[in-house]
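Undergrad: Pasting in a structure now, in structure tokens, and then I'll have a few things to ask.
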Amino acid sequence: MGSVTFSNVFKRFEGSGRSGGSTTAVNDLCLEINDREFMVLVGPSGCGKTTALRMIAGLETQSDGDILIGEKCVNSVSPRDRDIAMVFQNYALYPHMSVRDNMSFALKLRNLDKKEIDRRVDDAAELLGLQPMLQRRPGQLSGGQRQRVALGRAIVREPQVFLMDEPLSNLDACLRVQTRAELIKLHRRLGITTIYVTHDQVEAMTMGDRIAVMSGGVLQQCAAPMEIYNHPANMFVAGFIGTPSMNFFKGTVKQAGGQMTVDCGSFAVPVRTSLQSTLGDWIGQPVVFGVRPSDIYPSGSNHFQGGAASQPITTVLDVSEPMGDIVTLYLTIGNQSMVATVSSDHSVKDGQAMDIVFDLDKTHLFDPETEKAIY
Amino acid sequence: MINNSVQMEIGKPAKAPSSMRPTQKSSSAMQKRKSGLSFGEHLLAHSALLLLAIPALLPLLWMVSTSLKSDKQIFATSSKFSLGAFIPHPAVWQNYPVAVHAAPFGMYLENTIFLCVLTVIGAVLSSSLVAYGFARIDFPFKNVFFMLMISTMAIPPQVSMIPVFAMFRWLHWYGTYLPLIVPAFCGAPFYIFLLTQFYRNLPAELSEAARIDGAGEFRIFWQIILPLSKPALATCALFQFLGTWNDFVGPLIYINDPSRYTLAYGLQQLVSTHGGEWASLMADTTLFIVPIIILFFFTQKSFVSGIATTGSKN
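Which chain is which? The protein sequence lines are A and B, in order. The first sequence begins at 1 in the working numbering and counts up one residue at a time. The second sequence begins at 1001 in the working numbering and counts up one residue at a time.
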């Protein structure tokens, strides 16, 4: 069983705070990663994702809580006995060893039979297309090849769990997309539990079976990619996942004539009938209204596939950024601005007025105090 | 194309290996751009450097020149200085065989090499091990110990000479090579400092990767860190070799048996017994420094070559 469990895990770095106090890098992390799952830990720099990964590897010791690999608590188990393999951000290949030696180093230390070592290295090399370069040294390889060697070094171990610390961040954009797809295929083929750390939300969305979004050492939400995208648990997750970020507007819940609306000052958005009962306590209360740029449409657009659209809202188009198939629009309503991504066939020019509608089924409401989602 | 450009960027070591350096012809423009010096400025700089090199080279030149002269030639030119006086005419090559047989230099050479080999092994092994501890392992009061270790460099050897001598005599090591060899196995602050700085620059991920691969601390040191530290180790080895080769005071204090003399000490003995024979003394001295010059020619590459930490992206 290659499952990994964090149970109330804390990691504090003593003496690293501003006043010499401790910094909490990981705060009460509870997370279960299932066997054979591809779990992505995502978040901005310093959110604790790499620390969490290093704690699984045994390179950091947690200050409190338990970490289980399979059924076994590994709190006091050394890295070599945890049956994990790690791919580092800068690959960490041994520069003075050939590719073959790099890949077989761990196996030699386990006193495996030479034939078995050769078999495993050759199998991994074949899988990753590394056969022609087995005798070369890392310095003679390109970035992409080194990345594959680092993967190969992990694969030959046949571990319970793969740990990957931003393994694609050093590749150029083109190679990154290609390797991303290869990693997904590799995971499906090997079926080994993989925990993948990245700050890139596109990688998180495309690769993970589930995504764990972290911020400030705290797990914000853990769910399948589309669940996170469609139903973010709080404003941080809503703003972090999705490019461009979700638009947020301060507003107040109002009720007039049986219709509940969110009044954002420059515009008001009706609340779906099915959700009105949950908003009973919020009437007259401040809220934060959120809508993704992709859920905003030019009024009358035939691309709108949603169930219910809001009333047209008049905005001014400041700048449009054509991206080919879509255009990113920077709009102003009153003194508020918003971003929309629409199909490139709209005809409004910069500086002109533009009527837009929201897909009401995909709007969000947050509590401004706790920043948690109301719906 | 992508791969090539990536390789060029990643494969760039701290200092480019000779194969990657531009050829002399194509490099002049690059050099000019790099240093920002014109041809005239280069000429001026080189002239100044040559001028400064003369005082350093003059005694060496005088030594080699004297070693090839007869006594008559040596004293004939002593009253007035001229450049022509440096050229022996005729060159008396016979001084060399005479000089070599003036003392049992073969034995001295054997003794010296024996000491050099052991002290180099000792100094490099012990210093690299201690430096590894300072650079890669966390322990309480590490910085205090490091500063303490560094501060011992400031203690002049003359200060500790007598207590150290008393200690070795108490150990009954006087008259043996042990006082010259054993301290080398206890680490030298300068090498420890040098290696600590070097190890600190090696990526921590290498150790972590090895740790996950199943290596213990000593194996990480021996199989990962040491092979990557060859340039720094070579520097330490060369310094130690030179130190032992040139060491005069050590053998003077601790060695009393002529069969254990080293070259430096044996040469000094020659001065006291054959003081007037300048030509053969200078021939011996020339022979004494030749191995050092040869060694430097062979090892200078390890000083200038960069370190191959290219297995990591950064």
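All C-beta atoms, glycine included, are put in the ideal place defined by N, C-alpha and C.
(1) Strictly below 9 Å CB to CB, what residues from chain A border Arg1211(B)?
(2) Give me the residue from Pro298(A), Asp281(A) and Asn302(A) with the minimum Cα distance to Ile374(A).
(3) Which of the three DSSP states, helix, strand or coil, is assigned to Cys1116(B)?
(4) Start and end of the beta strand (DSSP E) containing Asn8(A)?
(5) Might you give, ordered along the chain, the residues of its own chain that have their beta carbon closer than 8 Å to the beta carbon of Glu8(A), omitting 5 neighbours on each side?
(6) Closer than 7 Å by beta-carbon distance: list the chain B residues that pair up with Arg110(A), in chain order.
(7) Exposed or buried, Ala52(A), counting other C-beta atoms within 10 Å across all chains shown (16 or more means buried)?
(8) Taking just the CA atoms, how far does Tyr1261(B) sit from Leu1171(B)?
(9) Here's the rule: buried if 16 or more other CB atoms are within 10 angstroms of the residue's CB, otherwise exposed. What is Lys11(A)?
(10) With 16 other CB atoms within 10 Å as the buried threshold, where does Asp1257(B) fall?
(11) Taking the alpha helix (DSSP H) that Phe1241(B) falls in, what are its first and last residues?
(12) At the level of alpha carbons, what is the spacing between Asp345(A) and Ile296(A)?
(13) Ser1065(B) and Pro1088(B) look like a contact to me (Cβ under 8 Å); what is the Cβ gap, rounded to whole Å?
(14) Mind pulling the alpha helix (DSSP H) runs of 4 or more residues that sit fully within the segment 78–154 of chain A?
(15) Tell me which residues of the segment 1128–1161 of chain B have at least one Cβ-Cβ distance to chain A shorter than 9 Å, keeping chain order.
(16) Taking only beta-carbon positions, decide if Phe13(A) is within less than 9 Å of chain B.
(17) Measuring only between beta-carbons, confirm whether Leu1233(B) sits less than 9 Å from chain D.
(18) Going by the CB atoms, is the gap between Pro368(A) and Val237(A) shorter than 9 Å?
(19) Output needed for Thr1023(B): all residues of its chain with C-beta closer than 8 Å, excluding positions within five of it in sequence on either side, in chain order.
(20) Quick one: what's got a C-beta closer than 7 Å to Ala1237(B)'s C-beta in the same chain, skipping five residues either side?
(21) Confirm, please, whether the CB-CB distance from Met1153(B) to Tyr1190(B) is below 9 Å.
(22) State yes or no: is the C-beta of Ala212(A) within less than 9 Å of the C-beta of Gln221(A)?
(23) Helix, strand or coil: how does DSSP classify Tyr297(A) here?
(24) Between the Cα of Glu166(A) and those of Gln131(A), Gly152(A), Met86(A) and Glu158(A), spot the shortest distance and give me the residue it belongs to.
(25) Going by beta carbon distance, what residues of the same chain come within less than 6 Å of Ser1128(B), once the five residues before and after it are set aside?
(26) Sorted by chain position, which residues of the same chain lie with C-beta nearer than 6 Å to Met103(A)'s C-beta, five sequence neighbours on each side aside?
(27) Quick one: measure Cβ to Cβ for Met260(A) and Val253(A), integer angstroms, because I've assumed they're closer than 8 Å.
(28) Please look up how many angstroms separate the CB atoms of Arg292(A) and Gly242(A), rounded, as I've assumed it's under 8 Å.
(29) Cβ closer than 8 Å: which chain B residues qualify as neighbours of Ala124(A)?
(30) In three-state DSSP terms, what is Thr243(A)?
(31) Would you call Asp81(A) buried or exposed, if buried means 16 or more other Cβ atoms sit within 10 Å of its Cβ?
(32) Between which two residues does the alpha helix (DSSP H) carrying Met55(A) extend?
(33) Could you list which residues in chain A have their beta carbon closer than 7 Å to that of Glu1205(B), in chain order?
(34) Based on the DSSP secondary-structure assignment, which residues constitute the bridge partners of Asn234(A)?
(35) Say whether chain A places a C-beta atom closer than 9 Å to the C-beta of Glu1208(B).
(36) Using beta carbons (cut-off 9 Å, strictly below), is Arg180(A) in contact with chain B?
TA: Taking the geometry as given:
(1) Against the second sequence, residue 1211(B) aligns to sequence position 211. Simply Ala57, Gly58, Leu59, Ser78, Pro79 and Arg80.
(2) The residue labelled residue 374(A) in the question sits at position 374 within the first sequence. The candidate whose alpha carbon is nearest that of Ile374(A) is Asp281(A).
(3) To locate residue 1116(B), count along the second sequence from 1; it is residue 116. Correct three-state label for Cys1116(B): helix.
(4) In the first sequence, counting from the first residue as 1, residue 8(A) sits at position 8. Element bounds for Asn8(A): Val4 to Phe13.
(5) What you label residue 8(A) is simply residue 8 of the first sequence in a count that begins at 1. Correcting the residue type first, residue 8(A) is Asn in the shown sequence and not Glu. So the list reads Asp28, Leu29, Cys30, Asp64, Gly65 and Asp66, once near-sequence residues are dropped.
(6) The residue you call residue 110(A) lines up with position 110 of the first sequence. Residues of chain B passing the Cβ test: Gly1214.
(7) Here residue 52(A) is taken as the residue at index 52 of the first sequence, counted from 1. Classification of Ala52(A): buried, given that the 10 Å Cβ count is 16 or more.
(8) Residue 1171(B) sits at position 171 when you count from the first residue of the second sequence. Residue 1261(B) sits at position 261 when you count from the first residue of the second sequence. Their Cα atoms are separated by approximately 21 Å.
(9) Along the first sequence, read from residue 1 onward, the residue named residue 11(A) stands at position 11. With 16 or more Cβ atoms within 10 Å of its Cβ, Lys11(A) is classed as buried.
(10) Here residue 1257(B) refers to the residue found at position 257 of the second sequence. By the neighbour-count rule (16 or more Cβ atoms within 10 Å), Asp1257(B) is not buried but exposed.
(11) As a working note, residue 1241(B) is residue 241 in the second sequence. Element bounds for Phe1241(B): Lys1230 to Asn1246.
(12) As a first step, residue 345(A) must be located in the first sequence, where it is residue number 345. As a first step, residue 296(A) must be located in the first sequence, where it is residue number 296. The straight-line gap from Cα to Cα measures roughly 14 Å.
(13) If you number the second sequence from 1, residue 1065(B) lands on position 65. If you number the second sequence from 1, residue 1088(B) lands on position 88. Sure, about 6 Å apart at Cβ, within 8 Å.
(14) 99–109 and 114–128
(15) none
(16) Taking the first sequence and counting its residues from 1, the one referred to as residue 13(A) is at position 13. No, Phe13(A) lies away from the interface with chain B (no Cβ there is under 9 Å from its Cβ).
(17) Within the model displayed, chain D is absent; protein chains A and B are what it includes.
(18) By 1-based counting over the first sequence, the position of residue 237(A) is 237. By 1-based counting over the first sequence, the position of residue 368(A) is 368. Not closer than 9 Å, so no.
(19) For this step, residue 1023(B) is matched to residue 23 along the second sequence. Note on Thr1023(B): pLDDT 38, under 50, position unreliable in the model; no value is reported.
(20) In the second sequence, the residue the question calls residue 1237(B) occupies position 237. Once the five neighbours on either side are set aside, the close Cβ partners of Ala1237(B) are Val1120 and Val1124.
(21) Residue mapping note: residue 1190(B) aligns to position 190 of the second sequence, counting from 1. Residue mapping note: residue 1153(B) aligns to position 153 of the second sequence, counting from 1. Before going on, a small fix: residue 1190(B) reads as Phe here, not Tyr. Result yes, Cβ atoms of Phe1190(B) and Met1153(B) sit closer than 9 Å.
(22) Here residue 212(A) corresponds to residue number 212 of the first sequence, with the count starting at 1. Here residue 221(A) corresponds to residue number 221 of the first sequence, with the count starting at 1. In contact: Ala212(A) and Gln221(A) (Cβ atoms closer than 9 Å).
(23) Residue numbering aside, residue 297(A) sits at position 297 when the first sequence is read from its first letter. Correct three-state label for Tyr297(A): strand.
(24) Taking the first sequence and counting its residues from 1, one reaches residue 166(A) at position 166. When each option's Cα is compared against that of Glu166(A), the closest is Met86(A).
(25) As a first step, residue 1128(B) must be located in the second sequence, where it is residue number 128. Within the same chain, Ser1128(B) has close Cβ partners Leu1195.
(26) Here residue 103(A) refers to the residue found at position 103 when the first sequence is read from its first residue. These residues qualify, in order along the chain: Val121, Gly152, Arg153 and Val156.
(27) Within the first sequence, the letter at position 260 stands for residue 260(A). Within the first sequence, the letter at position 253 stands for residue 253(A). Confirmed, Cβ separation roughly 7 Å.
(28) As a first step, residue 292(A) is located in the first sequence; it is residue number 292 there, counting from the start. As a first step, residue 242(A) is located in the first sequence; it is residue number 242 there, counting from the start. Right, their Cβ atoms sit about 6 Å apart.
(29) Residue 124(A) sits at position 124 when you count from the first residue of the first sequence. Near Ala124(A) there are no residues of chain B at all, since even the closest Cβ is about 14 Å away, more than 8 Å.
(30) Locating residue 243(A) in the first sequence gives position 243, where the first residue counts as 1. Three-state result, Thr243(A): coil.
(31) Your numbering for residue 81(A) matches position 81 in the first sequence. Asp81(A) is exposed by the Cβ-count criterion.
(32) The residue you call residue 55(A) lines up with position 55 of the first sequence. Counting along the chain, the alpha helix (DSSP H) containing Met55(A) begins and ends at Lys49 to Ala57.
(33) The sequence position of residue 1205(B) within the second sequence is 205, counting from 1. Under the 7 Å cutoff, chain A gives Phe88, Asn90 and Ala92.
(34) Against the first sequence, residue 234(A) aligns to sequence position 234. DSSP output for Asn234(A) lists Lys372(A) as bridge partner(s).
(35) Mapped onto the second sequence, residue 1208(B) falls at position 208. Chain A contact via Cβ: present.
(36) Along the first sequence, read from residue 1 onward, the residue named residue 180(A) stands at position 180. Not one chain B Cβ lies under 9 Å of Arg180(A).
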